[in-house]
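In my numbering, the protein residues as written are 246 to 684.
One structure is given here, and the rest of the page talks about it.
Following this line, the structure appears as C-alpha cells:
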C-alpha cells in the first residue's frame, strides 16, 4: 500500500485528483494534499511518502524545486509533474531530475491514472542487472568493461593530462565539470550475506560492474555524464554542462549533485547490500581543472571514511582553507560544533518565518542541507526540522492557552500560511486539535 502526496495551489484540483485516486482501486493507503511547496515539504519530512504529484507553478516554490528538495530528503520518492504549459525547458529539467511523467493540464483522467499506475508498478522494481547476477556463480558471469582504454585515459585526464584528443574521444566538451566518485566497501556488507561476500571477494568486479549499472540507470541518460572505473571498487562519474545548460532554470547545481549522490548511495545499498562513500567535487569551468576536481573528491571521500551514519560528502561542506594541512579529527569536530551552534541560534531567532527552509539555514552556514541535518541530529538528538516544529508548537500552545488569538492569527505568528495545515501539524504533535486544547 502506497502513500501519495498531491500538491497544487488550486484546492479544487487537489480535491479532484485526490477523488480520482481514492476511487481508482489502486493500492493506496493514504492520500495527502498540500496547497504549497512549503506545506508539501512538511509532509515529506514527517510522513512516509512514496509518490509526489505536483503542479509546476506554485507561488514561492515551483514544482521543480519541490521535487528537487524532496529527492534530497528522501531519494526514493517518485514524482509526477503536472503543468498548464508545454514548456520544453521545464519538462527536460523534470525528467533530468527523475520525474516519472510530465502531464499537461487539463488532465485526462485515464491518462493520469495510467501514469500513477505505472509509477507505482516501477517503484519497487530493482535496477536492471541487480537482481539475478549476484546469485550466479562468478565464473558464469561475464563482466563487461567500458570501451577499450576508457578507464586509463579518463584517469589520466583526472591526473592532470587534459589533451584535446582524449577530450574529444570521450565527448568532454564542458566547459563546466564536476566529479562524483563512489567508493564501495565490501567488508561492511550485511551479515546475513556473509557467504555471498566470501564468494564476491574472489571477483569484486561483479560488484563494481553492478554499481556501474546502478549509476548509468539512475542518470537516465538525461545527465551529460561519462561513467568509468578510476580504481578497484570505485566508480567515477564525470558530469558536464554547456554554458546554456549551466544557466538553465534557477535550481542550485550543488544540490543537484547531492541529490544524485544520495540516490546513488540509496540504490547501491538497497540492491547490492553494500555500503559506499560518495565524494562530490565542486563545479569548475575548464578542462584544465579536472585534476583539481579529482583531488577534491579524494579529500571528500577521505573525510567521510569512518563516519558510519553518513555517506555523501561534498568537498565544499568543509572549510579546507582554514587549515595548512588536512584537519585532525578534533579540528573537524570543533568546526562541526560551531556549525550546529550557529544553526540552532538561527532557528531560534527565525522559526516563525513563513517559508523557512533547511536550504536557507544551510546557506547561512555554508554547508549542504543534508550535511547540516546530519550534524544537527548527531549533536542535538533532534532532526533539524523536528526542532523547528518543536519551537513552533511550543509557542502556539502558549498562545492558545494564554491569549484570545484566533487559530489563523496563531498560525500566522508561528510561520504557517495555512490555518488548516497548522491544525494538522498541531494535532499530530500534541494529539489534540488547537480548539480542543483551548477547551
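Glycine residues also receive a C-beta, built at the ideal position from the N, C-alpha and C atoms.
These numbers come from a predicted model, not from an experiment.
Subject >> C-beta contact flag for residue 250 and residue 289 at 8 Å >> reply: yes
Original post:
Are residue 281 and residue 304 touching if we call contact CB-CB under 8 Å?
Top reply: One thing to note: residue 281 has its Cβ within 8 Å of the Cβ of residue 304.
Original post:
Where residue 670 and residue 358 are concerned, what is the direct C-alpha to C-alpha distance, given to the nearest angstrom?
Top reply: Using only the alpha carbons, I get a separation of about 29 Å.
Subject >> Rounded straight-line distance, which links the Cα of residue 493 to that of residue 385 >> reply: Reliability fails at residue 385, whose pLDDT of 41 lies under 50, so the model's placement of it is uncertain and the value that follows must be treated cautiously. Cα-Cα distance, rounded: 46 Å.
Original post:
Excluding the five sequence neighbours on either side, which residues of its own chain have a C-beta within less than 8 Å of the C-beta of residue 678, listed in chain order?
Top reply: If we look at residue 678 and ignore the five residues flanking it on each side, its Cβ neighbours are 668, 671 and 672.
**OP:** Report the residue ranges of all beta strand (DSSP E) runs contained in full by the region 572-649; include only those spanning at least 3 residues, in chain order.
**Re:** Fully enclosed beta strand (DSSP E) runs of 3 or longer: not present.
Original post:
Should residue 246 go down as buried or exposed, given a rule of 16 or more other Cβ atoms within 10 Å for buried?
Top reply: exposed
**OP:** With a 10 Å radius around its C-beta and 16 neighbouring C-beta atoms as the bar for buried, classify residue 373 as buried or exposed.
**Re:** In this predicted model, residue 373 has a pLDDT of only 46, less than 50, meaning its place in the structure is not dependable; the value taken from the coordinates is given anyway. Exposed, since its Cβ has fewer than 16 Cβ neighbours within 10 Å.
Subject >> For residue 639 and residue 320, the rounded distance between their alpha carbons >> reply: 31 Å
**OP:** Can you tell me which of 508, 534, 425 and 649 puts its alpha carbon nearest to the alpha carbon of residue 342?
**Re:** 508
Original post:
When we look at the beta-carbon of residue 459 and count the other beta-carbons within 10 Å, is it buried (16 or more) or exposed?
Top reply: buried
**OP:** Please list, in chain order, all residues of the same chain as residue 479 whose beta carbon is under 7 Å from its beta carbon, the five residues on each side excluded.
**Re:** 426, 427 and 428
Original post:
Whole-angstrom Cβ separation of residue 691 and residue 420, contact assumed at under 8 Å?
Top reply: As shown, the chain starts at 246 and ends at 684. That puts residue 691 outside it, with no answer to give.
Original post:
Out of curiosity, what's the CA-to-CA distance linking residue 512 and residue 644?
Top reply: 45 Å
Original post:
Can you tell which of 253, 657 and 450 has the C-alpha that lies nearest to the C-alpha of residue 598?
Top reply: Here the closest residue by C-alpha is 657.
**OP:** Give me the Cα-Cα distance between residue 270 and residue 276, rounded to the nearest whole angstrom.
**Re:** 13 Å
Original post:
residue 252 to residue 403, Cα distance in whole Å?
Top reply: Here the alpha carbons of residue 403 and residue 252 stand approximately 43 Å from one another.
Subject >> Buried or exposed (CB count within 10 angstroms, at least 16 for buried), residue 295 >> reply: buried
Subject >> Strand pairing of residue 486, partner residues [DSSP] >> reply: 421
**OP:** Sort out for me which residues DSSP pairs residue 277 with in a bridge.
**Re:** 250
Original post:
DSSP on residue 504, reduced to helix/strand/coil?
Top reply: helix
**OP:** Assign residue 231 to one of two classes, buried (16 or more other C-beta atoms within 10 Å of its C-beta) or exposed (fewer than that).
**Re:** Within the shown structure, residues of the chain are numbered from 246 to 684, placing residue 231 beyond reach of any answer.
Original post:
Which residues bound the beta strand (DSSP E) around residue 300?
Top reply: 296-300
Original post:
If you draw a straight line from the alpha carbon of residue 534 to that of residue 316, how long is it in whole angstroms?
Top reply: 29 Å
**OP:** Can you have a look at residue 666 and say buried or exposed, based on whether 16 or more other CB atoms are within 10 angstroms of its CB?
**Re:** buried
Subject >> Reference residue 340, options 325, 409 and 413, closest by Cα >> reply: 325
Subject >> Touch test, the region 558-566 against the region 512-527, Cβ-Cβ under 8 Å, three pairs minimum >> reply: Taking a contact to require three or more Cβ pairs closer than 8 Å, the region 558-566 and the region 512-527 qualify as touching.
Original post:
If we count the other Cβ atoms within 10 Å of its Cβ and call it buried at 16 or more, is residue 285 buried or exposed?
Top reply: buried
Original post:
What residues in its chain sit with their C-beta under 7 Å from that of residue 653, if we drop five residues either side in the sequence?
Top reply: 664
**OP:** Apply the 10 Å Cβ neighbour rule to residue 410 and answer buried if 16 or more other Cβ atoms are within range, or exposed otherwise.
**Re:** exposed
**OP:** Apply the 10 Å Cβ neighbour rule to residue 366 and answer buried if 16 or more other Cβ atoms are within range, or exposed otherwise.
**Re:** exposed
**OP:** Classify residue 300 as buried or exposed, calling it buried when 16 or more other Cβ atoms lie within 10 Å of its own Cβ.
**Re:** buried
Original post:
What number of angstroms, rounded off, separates the C-alpha of residue 546 from the C-alpha of residue 292?
Top reply: If you take the alpha carbons of residue 546 and residue 292, they lie about 31 Å apart.
Subject >> Length-filtered (3 minimum) beta strand (DSSP E) runs lying within the region 329-371 >> reply: The region 329-371 contains these whole beta strand (DSSP E) runs: 346-349.
Original post:
Does the beta-carbon of residue 313 have 16 or more other beta-carbons within 10 angstroms, so that it is buried, or is it exposed?
Top reply: Answer is buried; the Cβ neighbour count reaches 16.
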